[in-house]
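See structure below.
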Amino acid sequence: MSRVDFHSNVPDKLAYACRLARKAYMAGNKVVVLVADSAQLDTLNSAMWTISATDFLPHVLAGDPLAAQTPIILTDDETAELPHHDILVNLSQLPPANYAQFQRVFEIVSMDEQDAQAGRQRFLHYRQQDVQPTHFVAGNSVDKQ
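So for the sequence shown, this note's numbering puts the first residue at 197; every next one is plus one.
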């Protein structure tokens with residue numbers, strides 16, 4: 197069963213996803229980042245190149261010929277064929293249909309009220325699937341369930 201962690205009250209979802217992907221990559225994990233649309237995909241792709249002057253985050257878009265050898269995959273299509281299933285970072289508004297394929301899922305929820313409402317709906321969705329997600333509030337070290 198997948199472990200699902202919600203990170204809420206995030207001021208900048210893309211920057212947060214980049215830092216999360218960097219941390220997971222540095223720990224030896226492979227990551228898929230699912231975004232809402234092609235505009236967000238382009239922005240995230242650019243952000244991965246500029247997150248730090250000293251860090252390199254090897255990433256490609258889903259479907260790229262190098263995807264199987266690349267530890268970070270970016271996609272706006274949850275039905276895309278993915279070469280690995282360690283960690284899924286969801287930046288979209290909906291729960292991914294394929295979340296159970298992943299060992300761990302991170303749901304990133306911004307401070308925006310519409311995004312927060314969508315996050316609450318995703319949280320309920322997981323509970324209805326008999327998954328007990330954990331909840332972390334950005335800036336707090338306290339785990340709320």
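The C-beta atom is built at its ideal place from N, Cα and C for all residues, glycine as well.
Computed from a predicted model, the values in this text were never measured in an experiment.
Asked: Beta-carbon contacts of Leu240 that lie in its chain and below 7 Å, excluding the five residues immediately before and after; Found: Leu210, Ala213, Val229, Val231, Leu270
Asked: Close-in-space but distant-in-sequence residues of the same chain around Leu216 (CB under 7 Å, 5 per side omitted); Found: Val285, Phe302
Asked: Per-residue DSSP class, three states only, for Asp201; Found: strand
Asked: Span of the alpha helix (DSSP H) around Leu240; Found: 234-246
Asked: N-terminal and C-terminal residue of the alpha helix (DSSP H) that Leu320 is part of; Found: 309-324
Asked: Rounded separation between Thr246 and Phe252 - CA only; Found: 9 Å
Asked: Span of the beta strand (DSSP E), counted from its first residue to its last, around Leu290; Found: Note, Leu290: premise wrong, no beta strand (DSSP E); not H, not E.
Asked: Start-to-end residues for the beta strand (DSSP E) that takes in Leu257; Found: 255-257
Asked: Beta-carbon proximity of Ala258 to Ala276, cut-off 8 Å; Found: yes
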